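Counted from 1, the sequence shown has number 53 at position 53 by full-length UniProt numbering; the numbering is strictly sequential. Even glycine gets a Cβ: it sits at the ideal position worked out from N, Cα and C. Please read these numbers as outputs of a predicted model, since none were measured by experiment. Report on the following structure.
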Amino acid sequence: MGILDIYVIESLFFLEDINITAEIYSIFLVETLPYLLEDVPLVIIPNIIFQQDGHPAHSSLLAQTVLNQKFPNRLIGIHSTLQEWPPCSPDLTPVDFFVCYIRDQVHDSLPRNRNDLIQKIQKQQMKK
């Protein structure tokens, strides 16, 4: 899930038991991220500052190479040339506030299973 200006970028749900490696994350950045940004006006795209946490896949050399090509000098995270980002700082991460809101709404009634959880999250995201 992401927030970009006034746009909420939809959540992705991975298959159960998948380990997000540097390779999988880099494929996501190259193949899936452009699809998620399709509804964002073209005038906003060059001004995107990409922010991520300190997950090992995010800070891998492979992911950093891809991100520096897609967002030159517009990356906030571990090993960033623009701005180092503390690895555990939810108070500084705007998307965390939104995620907490979604979590509170979803857990009003506990999901019955994984699919129910995914549907509840998607329903709440559509409200925004």
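#1: For residue 37, which three-state DSSP category applies?
#2: For residue 16, which residues from the same chain have a beta carbon less than 6 angstroms from its beta carbon, with the 5 sequence-adjacent residues on both sides left out?
#3: DSSP on residue 83, reduced to helix/strand/coil?
#4: Since residue 76 sits in a beta bridge, which residues does DSSP pair it with?
#5: Taking 6 angstroms as the limit between beta carbons, can you name the residues of its chain near residue 117, skipping five residues before and five after?
#6: Which class does residue 117 belong to by DSSP, given the choice of helix, strand or coil?
#7: Does DSSP put residue 18 in a helix, a strand or coil?
#8: Classify residue 141 as helix, strand or coil using the three-state DSSP reduction.
#9: Considering only their Cβ atoms, is the gap separating residue 23 from residue 62 smaller than 8 angstroms?
Taking the definition as stated:
#1: Within the sequence shown, the letter at position 37 stands for residue 37. Note: residue 37 maps to coil in three-state DSSP.
#2: Taking the first residue of the sequence shown as 1, we reach residue 16 at position 16. Excluding sequence neighbours, residue 16 sits near nothing in its chain.
#3: Taking the first residue of the sequence shown as position 1, residue 83 is located at position 83. Reduced to three states, the DSSP call for residue 83 is strand.
#4: Here residue 76 refers to the residue found at position 76 of the sequence shown. BP columns for residue 76 point to 51 and 83.
#5: Position 117 of the sequence shown, counting from 1, holds the residue named residue 117. So the list reads 111, once near-sequence residues are dropped.
#6: On the sequence shown, residue 117 is found 117 positions in, with the first residue counted as 1. In this structure, residue 117 counts as helix in the three-state DSSP scheme.
#7: To locate residue 18, count along the sequence shown from 1; it is residue 18. Residue 18 falls in the coil class under three-state DSSP.
#8: The chain is shown from 1 up to 128; residue 141 falls before or after that span and cannot be answered.
#9: Counting from one through the sequence shown, the residue named residue 62 turns up at place 62. Counting from one through the sequence shown, the residue named residue 23 turns up at place 23. Yes; because the gap between Cβ atoms is below 8 angstroms, this pair is in contact.
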